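Asker:
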Amino acid sequence: MKSKQALNIFLLGPSGSGKGTQARLLTKEFKLFHINTGGDLREIAKEVTPLGKKVKSIIEGGYLAPSWLVFYSWFKKVADLSQSKGVIFEGAPREIVEAKRMDEVFTFLGKEKRVFIYLKVNLEEAQKRILNRRLCSKCHMEVSLVLTPKITRCPKCNGKLEKRADDTPDAVVKRFTFFKKNVMPVINYYKKQNRLIVINGDQSIEKVYQDILKGLKKFI
663 MKSKQALNIF LLGPSGSGKG TQARLLTKEF KLFHINTGGD LREIAKEVTP LGKKVKSIIE
723 GGYLAPSWLV FYSWFKKVAD LSQSKGVIFE GAPREIVEAK RMDEVFTFLG KEKRVFIYLK
783 VNLEEAQKRI LNRRLCSKCH MEVSLVLTPK ITRCPKCNGK LEKRADDTPD AVVKRFTFFK
843 KNVMPVINYY KKQNRLIVIN GDQSIEKVYQ DILKGLKKFI
């Protein structure tokens, strides 16, 4: 008999693999609470506080925030959710220590139905996507100049589209290096536990989405 527990999804993959796009589609499909740790940290970076200034320097330098700060950005949100509300994480966990901590927290909160999805992509294609993406300054929706080259305003709220401060060639190389060294062990950790779905992220958005839905069938 299949569990009636809420589904919790974790999207893993290098920058530019399409995690944000798929997270939005899956959030709507399963009525999940969407947590984007990168977006949360960028919000902290806007604050005129010592922490905000520190996080801003980390992001603009193309570096990654420490694990404890990432944990701080999402823990209270998850803890306040009802048992019937599932979540979807975009880009977390990023290290083995985070993975084990998240397992501990979600088990403690009784959110046992957890699925991890790895969007596997060619890094050259991922880099192209990154350098051609823009972020809405109002609603933070991500827009691709590859898919919509003439777009100048956000299609959702008409906000101004901006390039992320950390979307530079040097920063991208740093993130890819971090991914190979730190996130791939996390992916292998879940693979050994038979909790991982591997998806070809080089396909169209719709094909990737449909493949994810097929992969999720055995978990829901």
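Counting along the sequence shown from 1, when you hit position 1 you're at 663 in our numbering, and nothing is skipped either side.
We put the beta carbon where it would ideally sit given N, CA and C, even for glycine.
Please read all numbers here as calculations on a predicted model, not as lab measurements.
1) Would you kindly work out how many angstroms separate the C-alpha atoms of glycine 678 and glutamine 667, rounded to a whole number?
2) According to the Cβ coordinates, are arginine 815 and leucine 807 closer than 8 Å?
3) Per the DSSP calculation, lysine 822 is bridged to which residue(s)?
4) Where does asparagine 856 sit, in a helix, a strand or coil, going by DSSP?
5) For glycine 680, I'd like the list of residues in its chain whose CB is within less than 8 Å of its CB, leaving aside the five on either flank, ordered along the chain.
6) By how many angstroms is the C-alpha of arginine 795 removed from the C-alpha of lysine 818?
7) My guess is that asparagine 844 and glutamate 766 are in contact by the Cβ rule of under 8 Å, so how many angstroms apart are they, rounded?
8) Going by DSSP, what residues sit across from glutamate 804 in a beta bridge?
9) Just mark asparagine 820 as buried or exposed, buried being the case when its beta carbon has 16 or more other beta carbons within 10 Å.
Answerer: Walking through what the data contain:
1) Indexing the sequence shown from 1 puts residue 678 at position 16. Indexing the sequence shown from 1 puts residue 667 at position 5. Their backbone Cα atoms lie some 31 Å apart in a straight line.
2) Residue 815 sits at position 153 when you count from the first residue of the sequence shown. Residue 807 sits at position 145 when you count from the first residue of the sequence shown. Against a cut-off of 8 Å, the Cβ pair of leucine 807 and arginine 815 comes out as no contact.
3) Sequence index remark: in the sequence shown, residue 822 carries index 160 (1-based). DSSP lists Arg815 as the bridge partner or partners of lysine 822.
4) Numbered from 1 along the sequence shown, position 194 holds the residue referred to as residue 856. Three-state DSSP puts asparagine 856 in coil, outside helix and strand.
5) Here the question's residue 680 lines up with position 18 in the sequence shown. Hits under 8 Å: Leu781, Val783, Arg791, Gly863, Ile867, Val870.
6) Here residue 818 refers to the residue found at position 156 of the sequence shown. Here residue 795 refers to the residue found at position 133 of the sequence shown. Taking C-alpha positions only, lysine 818 is separated from arginine 795 by approximately 15 Å.
7) For the purposes of this step, residue 844 is taken as the residue at position 182 of the sequence shown. For the purposes of this step, residue 766 is taken as the residue at position 104 of the sequence shown. In this structure asparagine 844 does not touch glutamate 766 by the C-beta definition: roughly 19 Å separates them, more than the 8 Å allowed.
8) The residue given as residue 804 occupies position 142 in the sequence shown. Bridge partners of glutamate 804: Leu797.
9) Walking along the sequence shown from the start, residue 820 turns up at place 158. So asparagine 820 ends up on the exposed side.
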